Amino acid sequence: EILFTLVPLMKDVGIEAEWHVMKGSDDFFNATKNIHNGMQGMDVPFSKEMKEIFLKNNQLNEKLFEGEYDFVVIHDPQPVAILNYRQEKKGKWIWRFHIDPTSAQGKIWQFIRPFIEKHDAAIFTLKEYVKDDLKLKNIAIIPPAIDPLSPKNMDLDQEEIENIVTKYKVDPERPVITQVSRFDPWKDPLGVIDMYRIVKREVKDVQLVLIASMANDDPEGWEYYEKTARHAGEDYDIHLLSNLNGVGNLEVNAFQRVSNVIIQKSLREGFGLVITEALWKGKPVVAANVGGIPLQVDNRRTGYLIGDISECAERVIHLLKDSEIANKMGISGKEYVRKNFLITRLLKDYLNLFNSL
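The end of the sequence shown is residue 357 by full-length UniProt numbering, with every number in the run present.
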């Protein structure tokens, strides 16, 4: 999503920038999902066959990789081995990692580490994410950022917001709490529903909105969506929405703006750009104290960092009942994003890295 803005901005400053998307088989995406989960600490199988599928698809993508570039930025583990199959390496190759690998399974980390080390540099979101045994001279710490003018973040008038959310049977006159995340165990949508049920004992008319984008390369997504739907039961104040309901960037924008509180109850989180998006809209955020979230949520100033479900519910109830505190946090959050997490800062960070190489 960042690349939709970053690539045109690079062109605006005179860089001939291109964006390539790798191809892969279903077996490849299943293998990379296990890598993704294993890199975040989940105990997953990673067989010899999975390794072979992973490497075969990287080799095939190398053959599709045409052209010569001064800089190549590879995102996440899926294409990390492409460079391994280049007969002649031209330009500087940079690997960009978006998740939190601090609890990574050893067998998976040791498999991908040699491929990372073939690159000229690596980018991590936090310095704590850099593994001690990574032998790479050039390490850059660059958090993500948002485009404030994109459909997901641009200003909307109140009438448009209300028209959008009422189309999905959400009442803008009643309290709304929202989490925007994949239907994924790491995002803990089941825990969010449990939290909402505690809140509803105190705030009877509260509504919960869970919004996700269903991705083609996420084989667990449908399974976890169904699990979440079963957990929600027949509570008509719980709304499960996705791109398959026609919920795109503009709709996410409207739901974040109509919300009283935004939730991010992740169990692992590399950064969580949806938090920055919510803060930009002047909303207090109640989020788990994990990964890159504390970089955005300044506890008691732009929102609350929480541990368990009961603490999450307590903070949400407090913000729903005290609009003055919620508004103050929202104002502080937007200013914090303005200073730290806008796309122009990200562009500058990339240009500085290119110059240093």
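Every residue, glycine too, gets a C-beta built ideally from N, C-alpha and C.
Because the structure is a prediction, the values reported are computed rather than measured.
Please name the residue in Q87, F28, I116 whose C-alpha comes closest to that of F97.
-> In the sequence shown, residue 97 corresponds to position 97, counting from 1. The shortest Cα separation from F97 among Q87, F28, I116 belongs to I116.
Within the stretch 47–115, note down every full alpha helix (DSSP H) run reaching 4 residues or more, in order along the chain.
-> 48–64
Just to confirm, are V261 and V297 a CB contact at a threshold of 7 Å?
-> Residue 261 sits at position 261 when you count from the first residue of the sequence shown. Residue 297 sits at position 297 when you count from the first residue of the sequence shown. The answer is no: Cβ separation not under 7 Å.
Secondary structure at I35, three-state DSSP: helix, strand or coil?
-> Translated into positions along the sequence shown, residue 35 becomes position 35. Note: I35 maps to helix in three-state DSSP.
In angstroms with no decimal places, state the Cα-to-Cα distance between D70 and N61.
-> Position 70 of the sequence shown holds residue 70. Position 61 of the sequence shown holds residue 61. C-alpha separation (whole angstroms): 19 Å.
DSSP bridge partner residues for Q179 (one or two, in chain order) | On the sequence shown, position 179 is the one that residue 179 refers to. Paired residues: L210.
Paired residues, beta bridge with I139 - DSSP | Walking along the sequence shown from the start, residue 139 turns up at place 139. Answer by DSSP bridge pairing, in chain order: A122.
Cβ of L279 within 7 Å of Cβ of G333?
-> On the sequence shown, residue 279 is found 279 positions in, with the first residue counted as 1. On the sequence shown, residue 333 is found 333 positions in, with the first residue counted as 1. Yes, these two residues count as a Cβ contact at 7 Å.
Could you check where the beta strand (DSSP E) with Q264 kicks off and where it finishes?
-> By one-based count along the sequence shown, residue 264 stands at place 264. 261–264 is the span of the beta strand (DSSP E), which, as asked, contains Q264.
Euclidean distance between Cα positions of I139 and D120 = To locate residue 139, count along the sequence shown from 1; it is residue 139. To locate residue 120, count along the sequence shown from 1; it is residue 120. Computed Cα separation, rounded: 9 Å.
Among K33, I94, P175, L149, which has the Cα closest to the Cα of V44?
-> Here residue 44 corresponds to residue number 44 of the sequence shown, with the count starting at 1. For the residues K33, I94, P175, L149, the minimum Cα distance to V44 belongs to K33.
Residues sharing a beta bridge with H299, DSSP = Sequence index remark: in the sequence shown, residue 299 carries index 299 (1-based). Correcting the residue type first, residue 299 is Asn in the shown sequence and not His. According to DSSP, N299 bridges with G303.
Spatial neighbours of L190 within its chain, please: CB distance less than 8 Å, with the 5 preceding and 5 following residues excluded, ordered by chain position.
-> Here residue 190 is taken as the residue at index 190 of the sequence shown, counted from 1. For L190, where only same-chain residues beyond five positions count, the Cβ hits under 8 Å are K227, T228, H231.
Same chain, Cβ closer than 8 Å to K101, five either side skipped, listed in chain order = As a first step, residue 101 is located in the sequence shown; it is residue number 101 there, counting from the start. Lys is not the amino acid found at residue 101; the sequence shown has Pro there. Excluding positions up to five away in sequence, the list reads M39, Q40, W109, Y129, K131.
Within 7 Å, strictly: CB atoms of L208 and I238 | Position 208 of the sequence shown, counted from the start, is the residue given in the question as residue 208. Position 238 of the sequence shown, counted from the start, is the residue given in the question as residue 238. Cβ atoms of L208 and I238: closer than 7 Å.
Are the beta-carbon atoms belonging to V180 and I146 less than 7 Å from one another?
-> Within the sequence shown, the letter at position 180 stands for residue 180. Within the sequence shown, the letter at position 146 stands for residue 146. Contact: no.
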